[in-house]
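Numbering (this note's numbering), first residue to last: -1 to 312.
Structure, rendered in structure tokens:
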């Protein structure tokens, strides 16, 4: 920040007349007098405003970098948050690579909006919103359901797929045929996810909620017998079912529509609209169908290959 020049130290134009200490130049030169203390007060207020502005600028730089928040369209390299532990959707392998349907969708979208490179990082259900809000990622493609609550803080493109909430139980459990049969049973509550609310609050099924750190943790608890069911998007359940085999089964009784969106900084409308165009093109040229069949073609799910109805950018 440049220092503020003190008018009292500036000689009148055309001369260097002597000036009593503390007397403004205009007064020493015979100019109009000002109320005593007014000028120092103005300078103090101005300095305070400049200090506040500097602090705000520093905070913005710390979060968004020197160029401000901008848009995802301004990035040569996109940092994208994906799940590390959801088979078929997003898994981090031992060598650090991420793979799955969401990863492929993110890669394809980034290419179509002109990004030169992509870097993936882990985004859990409990952290994905803060990753966007703090600028640590440019986008999140991690089974992020578009809800009014989420849209209040994040701008969503898409949905890139409309899944349906269903239920996963142990393979030998044939008593559960729909969500109502979960009454009195232990339902896994994954951190950062709203899926359990659709069972316990919206449908008022009297379940016992068992907290878990993620849906990967939920699957481990289901296999170990410490929960009786996991209920969330059917794409998530299909990936787990493919991994666990006959140990678990999908009930195949869907009861909601889950609009999976691509989250980005609140207010990035240009970026959102560009991503929507990319998603539309992916469905129109067959890319979306190819990716869905690649990851879920053997799961038994009734997949949809038509362009989803978009929510609109806001």
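Just so you know, even glycine gets a beta-carbon here, dropped at the ideal spot from N, CA and C.
Close Cβ partners of residue i (< 6 Å) along its chain, the five nearest in sequence each way excluded
{"i": "residue 143", "result": "256"}
{"i": "residue 83", "result": "212 and 214"}
{"i": "residue 200", "result": "none"}
{"i": "residue 259", "result": "142, 144, 154, 156 and 157"}
{"i": "residue 33", "result": "Because the pLDDT at residue 33 is just 45, under 50, the model does not fix this residue reliably, and the point stays unresolved."}
{"i": "residue 134", "result": "none"}
{"i": "residue 306", "result": "157 and 160"}
Residue i (DSSP reduced to helix, strand or coil)
{"i": "residue 127", "result": "helix"}
{"i": "residue 271", "result": "helix"}
{"i": "residue 190", "result": "coil"}
{"i": "residue 305", "result": "coil"}
{"i": "residue 166", "result": "strand"}
{"i": "residue 88", "result": "strand"}
{"i": "residue 296", "result": "coil"}
{"i": "residue 232", "result": "helix"}
{"i": "residue 210", "result": "strand"}
{"i": "residue 122", "result": "coil"}
{"i": "residue 111", "result": "coil"}
{"i": "residue 279", "result": "helix"}
{"i": "residue 30", "result": "Its pLDDT being 46, under 50, residue 30 is placed unreliably by the model, and nothing is read from it."}
{"i": "residue 149", "result": "helix"}
{"i": "residue 62", "result": "Confidence at residue 62 is low in this model, with a pLDDT of 41, below 50, so its placement is unreliable and the value that follows should be read with caution. DSSP places residue 62 in helix when its eight states are reduced to three."}
{"i": "residue 266", "result": "coil"}
{"i": "residue 251", "result": "coil"}
In DSSP terms, what residue i is bridged to
{"i": "residue 143", "result": "258"}
{"i": "residue 155", "result": "260"}
{"i": "residue 76", "result": "116"}
Inter-residue CB distance, residue i and residue j (contact presumed, cutoff 8 Å)
{"i": "residue 85", "j": "residue 206", "result": "Contact doesn't hold; Cβ gap of about 26 Å is too wide."}
{"i": "residue 266", "j": "residue 69", "result": "5 Å"}
{"i": "residue 219", "j": "residue 203", "result": "Not a contact, Cβ separation roughly 19 Å."}
{"i": "residue 189", "j": "residue 210", "result": "7 Å"}
{"i": "residue 239", "j": "residue 301", "result": "With a Cβ gap of about 15 Å, residue 239 and residue 301 do not count as contacting."}
Contacts around residue i, its chain only, beta-carbon distance under 7 Å, and the 5 residues preceding and following it disregarded
{"i": "residue 73", "result": "113 and 136"}
{"i": "residue 289", "result": "99, 102 and 103"}
{"i": "residue 130", "result": "138, 152, 261, 262 and 263"}
{"i": "residue 121", "result": "79, 80, 81, 129, 135, 138 and 140"}
{"i": "residue 272", "result": "71 and 111"}
Cβ neighbour criterion (16 or more within 10 Å) applied to residue i
{"i": "residue 126", "result": "buried"}
{"i": "residue 81", "result": "buried"}
{"i": "residue 52", "result": "Caution is warranted here: a pLDDT of 47 is assigned to residue 52, below 50, making its placement in the model unreliable, and no coordinate value can be reported."}
{"i": "residue 115", "result": "exposed"}
{"i": "residue 100", "result": "buried"}
{"i": "residue 128", "result": "exposed"}
{"i": "residue 191", "result": "buried"}
{"i": "residue 237", "result": "buried"}
{"i": "residue 146", "result": "exposed"}
{"i": "residue 173", "result": "exposed"}
{"i": "residue 95", "result": "exposed"}
{"i": "residue 163", "result": "buried"}
{"i": "residue 304", "result": "exposed"}
{"i": "residue 230", "result": "buried"}
Cβ-based neighbour list, residue i, same chain, cut-off 8 Å, excluding 5 preceding and 5 following
{"i": "residue 245", "result": "168, 169 and 221"}
{"i": "residue 91", "result": "97"}
{"i": "residue 225", "result": "184, 185, 186, 208, 210, 216 and 219"}
{"i": "residue 117", "result": "75, 76, 77 and 78"}
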